[in-house]
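Structure first, commentary second.
Protein chains in written order, with my numbering: chain A, 153 to 601; chain B, 30 to 193.
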């Protein structure tokens, strides 16, 4: 390595595998050395340290902003010294929330969950980085980074013409090229401020349709703050656990049937990484991966997911735009096969548009309203061909606004129907067009609240 | 004068735990490096930490010019942490007489780090240095602070370990 070390070169030193130390100097000239819980990479010029206690380090840097950090490379045991200068303290926002979530993981790992509380993120400018001479271990053989996999993913995404293809591309890249065993994509319902699962891999049940509140858990915090959240140790802090599910029954006490799709995630994850999917400044959803192993995800994995989430966001937005002129609906295949077997009993609770097929919960909310319209048109008029455009224009569906992610809601409905059984399904017939395929007679009942 | 450090504190340092040394220059800019060894006299009166000169040029220059020193001793396995400070630290080149202390410290640290699954070759690389590159820094602790993580971290330790 030639003379200068960049912060990006030594991000592995900031993963917390080996604690860092910091020297400061008081006003009266007394030096102080302290162990640090967390050195957080902000960008190439800045690091942030966790401010947990009003300790000597804290007093010192407020009086004399110069600090020296000593970090150790977790692979080679090489030391680096960072000469840093205190700039400011952030007590809210993306940086603070990312550090807070990470600290909760570190704290519970160290058995200090009750003691560690993040009061602020102290941001420092890195003025110089010194490679300390020593006798480090030989560098391991270079490992292929995720860049090639991300490049392949971006290429495939650029050719996608439907949202489900795009989601499959991202899930495939995560699970196959990057070797990540558990992954999920969730989309935002802006009106309810909840995220619903549209794709997943590695879980016993897909969990498609399961919901997480914005602000709840690692996924919800990443969504609320629009920042990646990466935890390398299991945290027992309930704030970051997705295990706590809000009971839908509590919302609708009169409801007779269970209508909660269980969150599919690992019961005891050790590593989690959630990255917001943002396009044109709007939050569209969250890309999430987890692992039962500790410290599974590195800064490089975070980089890879952020890039993939960026591409996925752009593609999702583009596929959302109405197709100009639209492809004509394919005429062939329009004739529905004669229904065979007993009629399916469809029930809808108008209070929240929840829909049941033969007592099994299907879906609720906007996707429930869409399904009810499709089934109703089918029963009353024998229709099978539909367009996104008419759904947008239909007041009964109450789409929150024109920018709503209708494609994602249709995909959710399509996947829920596929999981439910073979008798009703949705097939895409072109950009912005699809077909409702029904193999049984339908009997529809509405239950008012 | 009663001893500043309790037997427990003396034992922590004597058993060979991580030692990180800090000082500052005349402009109050801090300097620091990990020690390659640390020892304490049985009465707790004098502490000696060993630094590799090639790794610690600024730190050694600062100690030489100001006498100021701060050293944090911390057990990687228990997180028990103690900081000592002094204003009259002195330097000398390490010699044959120090070889046993250096070797014993290294063996103790390999065991300490092994207890938290850090491989011995990593511990050895972290502490590696050439014998003729080692400087001994000795001082009599004038102040001590409990820095075991938690709300009491930073509390000054009075004579014989009573909190002040």
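Backbone N, C-alpha and C define an ideal beta-carbon position, used for all residues, glycine too.
Can you list, in chain order, the residues of its chain with a C-beta nearer than 6 angstroms to that of residue 216 of chain A? Leave out the 5 residues immediately preceding and following it. By 1-based counting over the first chain, the position of residue 216 of chain A is 64. Within the same chain, residue 216 of chain A has close Cβ partners 177.
Using the C-alpha atoms, what's the distance from residue 153 of chain B back to residue 378 of chain A? In the first chain, residue 378 of chain A corresponds to position 226, counting from 1. In the second chain, residue 153 of chain B corresponds to position 124, counting from 1. Residue 378 of chain A and residue 153 of chain B: Cα-Cα distance of roughly 42 angstroms.
Report the residue from A:181, A:243, A:246 and A:202 whose alpha carbon sits nearest the alpha carbon of residue 95 of chain B. The residue you call residue 95 of chain B lines up with position 66 of the second chain. Here the closest residue by C-alpha is A:181.
Enumerate in chain order the residues of its own chain whose CB-to-CB distance from residue 476 of chain A is below 8 angstroms, with the five nearest sequence positions on each side excluded. Position 324 of the first chain holds residue 476 of chain A. Since pLDDT at residue 476 of chain A reaches only 49, below the 50 mark, its modelled position is unreliable, and no value is offered.
Cβ-based burial, residue 40 of chain B [other Cβ within 10 Å; buried from 16]: Here the question's residue 40 of chain B lines up with position 11 in the second chain. So residue 40 of chain B ends up on the exposed side.
How many angstroms separate the CA atom of residue 279 of chain A from the CA atom of residue 523 of chain A? Stepping through the first chain from its first residue, residue 279 of chain A is reached at position 127. Stepping through the first chain from its first residue, residue 523 of chain A is reached at position 371. For residue 279 of chain A and residue 523 of chain A, the distance between alpha carbons rounds to 59 angstroms.
Can a CB atom of chain A be found closer than 8 angstroms to the CB of residue 160 of chain B? Here residue 160 of chain B is taken as the residue at index 131 of the second chain, counted from 1. Chain A, which has no Cβ nearer than 8 angstroms to the Cβ of residue 160 of chain B, makes this no.
Ignore the nearest five residues each way along the sequence and tell me which others in residue 516 of chain A's own chain have a CB closer than 6 angstroms to its CB. In the first chain, the residue the question calls residue 516 of chain A occupies position 364. Only 504, 505 and 506 meet the Cβ criterion.
So for residue 147 of chain B, helix, strand or coil by DSSP? As a working mapping, residue 147 of chain B is identified with position 118 in the second chain. Residue 147 of chain B: coil per DSSP, three-state reduction.
Would you say the region 446–454 of chain A touches the region 418–427 of chain A, given that touching needs at least three Cβ pairs under 8 angstroms? yes
Just to confirm my understanding: we take residue 323 of chain A, look at its own chain, exclude 5 residues before and 5 after, and list those with CB closer than 8 angstroms. What are they? As a first step, residue 323 of chain A must be located in the first chain, where it is residue number 171. Same-chain partners within the cutoff: 335, 337, 351, 352 and 353.
Helix or strand or just coil, what does DSSP make of residue 67 of chain B? As a first step, residue 67 of chain B must be located in the second chain, where it is residue number 38. Correct three-state label for residue 67 of chain B: strand.
Looking at the secondary structure, which residues open and close the alpha helix (DSSP H) in which residue 525 of chain A lies? What you label residue 525 of chain A is simply residue 373 of the first chain in a count that begins at 1. 517–533 is the span of the alpha helix (DSSP H), which, as asked, contains residue 525 of chain A.
Along the region 51–84 of chain B, what residues have a CB closer than 7 angstroms to any CB found in chain A? 51, 52, 53, 57, 58, 59, 60, 61, 62, 63, 83 and 84
Environment of residue 568 of chain A [buried if 16+ CB atoms lie within 10 Å]: For the purposes of this step, residue 568 of chain A is taken as residue 416 along the first chain, with counting starting at 1. The residue is buried, with at least 16 neighbouring Cβ atoms inside 10 Å.
Who are the neighbours of residue 150 of chain B on chain A, taking C-beta pairs under 7 angstroms? Mapped onto the second chain, residue 150 of chain B falls at position 121. Near residue 150 of chain B (Cβ distances below 7 angstroms), the residues of chain A are 289.
In its own chain, which residues sit with a C-beta less than 7 angstroms from the C-beta of residue 156 of chain B, not counting the 5 before and 5 after it? As a position in the second chain, residue 156 of chain B is number 127, starting the count at 1. Residues of the same chain with a CB within less than 7 angstroms of the CB of residue 156 of chain B, apart from the 5 flanking positions on each side, are 65, 135 and 138 in chain order.
Residues of the region 183–197 of chain A with a CB closer than 9 angstroms to any CB of chain B: list them in chain order, please. 183, 184, 185, 186, 187 and 189
Residue 253 of chain A, buried or exposed, once every other Cβ within 10 Å from all chains shown has been counted against 16: Residue numbering aside, residue 253 of chain A sits at position 101 when the first chain is read from its first letter. Label assigned to residue 253 of chain A: buried.
Go ahead and label residue 128 of chain B buried or exposed: buried means 16 or more other beta carbons lie within 10 angstroms of its beta carbon, across all protein chains shown. Counted from its first residue, the second chain places residue 128 of chain B at position 99. Label assigned to residue 128 of chain B: exposed.
Determine whether the Cβ of residue 234 of chain A lies closer than 8 angstroms to any Cβ atom of chain B. In the first chain, residue 234 of chain A corresponds to position 82, counting from 1. Closer than 8 angstroms: no.
Rounded to whole angstroms, what's the CA-CA distance from residue 303 of chain A to residue 325 of chain A? Just pull it up for me. Locating residue 303 of chain A in the first chain gives position 151, counting from the first residue. Locating residue 325 of chain A in the first chain gives position 173, counting from the first residue. Cα to Cα, the separation comes out at about 10 angstroms.
Are the Cβ atoms of residue 347 of chain A and residue 375 of chain A separated by less than 8 angstroms? Locating residue 347 of chain A in the first chain gives position 195, counting from the first residue. Locating residue 375 of chain A in the first chain gives position 223, counting from the first residue. Taking 8 angstroms as the Cβ cut-off, residue 347 of chain A and residue 375 of chain A qualify as a contacting pair.
Does residue 216 of chain A come out as helix, strand or coil in the three-state DSSP assignment? Numbered from its first residue, the first chain carries residue 216 of chain A at position 64. Looking at residue 216 of chain A - three-state DSSP - the assignment turns out to be coil, as it is neither helix nor strand.
So what's residue 249 of chain A in DSSP terms, helix, strand or just coil? Taking the first chain and counting its residues from 1, the one referred to as residue 249 of chain A is at position 97. Reduced to three states, the DSSP call for residue 249 of chain A is helix.
Whole angstroms is fine: what's the gap from residue 56 of chain B's alpha carbon to residue 87 of chain B's? Here residue 56 of chain B corresponds to residue number 27 of the second chain, with the count starting at 1. Here residue 87 of chain B corresponds to residue number 58 of the second chain, with the count starting at 1. When rounded, the distance between both Cα atoms is 13 angstroms.
Would residue 222 of chain A pass as an interface residue toward chain B - the criterion being a Cβ-Cβ separation below 8 angstroms? Numbered from its first residue, the first chain carries residue 222 of chain A at position 70. By this cut-off, residue 222 of chain A is an interface position.
Using a Cβ-Cβ cut-off of 6 angstroms (strictly less than) and excluding sequence neighbours within five positions of residue 600 of chain A, which residues of its own chain qualify? Here the question's residue 600 of chain A lines up with position 448 in the first chain. Excluding residues within five positions, the ones whose Cβ falls inside 6 angstroms are 502.
Do we get a CB-CB distance below 8 angstroms when we pair residue 173 of chain A with the residues of chain E? Structure shown: chain E not included; protein chains present are A and B.
So which residues of chain B does residue 177 of chain A contact, with C-beta pairs closer than 8 angstroms? Here residue 177 of chain A corresponds to residue number 25 of the first chain, with the count starting at 1. For residue 177 of chain A, the C-beta contacts it makes with chain B under 8 angstroms involve 53, 57, 58 and 59, in order along the chain.
Just grab the DSSP bridge partners of residue 590 of chain A for me. Taking the first chain and counting its residues from 1, one reaches residue 590 of chain A at position 438. Residue pairing of residue 590 of chain A in beta bridges, as defined by DSSP: A:576.
Residue 572 of chain A and residue 591 of chain A look like a contact to me (Cβ under 8 angstroms); what is the Cβ gap, rounded to whole Å? Within the first chain, residue 572 of chain A is the residue found at index 420, counting from 1. Within the first chain, residue 591 of chain A is the residue found at index 439, counting from 1. With 8 angstroms as the limit, residue 572 of chain A and residue 591 of chain A do not qualify as a contact, their Cβ atoms being about 12 angstroms apart.
Under 8 angstroms, do residue 654 of chain A and residue 452 of chain A count as touching if we go by C-beta distance? Outside the displayed range of chain A (153 to 601) lies residue 654 of chain A, so it cannot be described from this structure.
Does DSSP put residue 513 of chain A in a helix, in a strand, or in coil? Mapped onto the first chain, residue 513 of chain A falls at position 361. Residue 513 of chain A: strand per DSSP, three-state reduction.
Given 8 angstroms, three or more beta-carbon pairs between the region 141–150 of chain B and the region 69–83 of chain B: no
Quick check on residue 97 of chain B - is its C-beta less than 8 angstroms from some C-beta in chain A? For the purposes of this step, residue 97 of chain B is taken as residue 68 along the second chain, with counting starting at 1. Yes - at least one Cβ of chain A is within 8 angstroms of the one on residue 97 of chain B.
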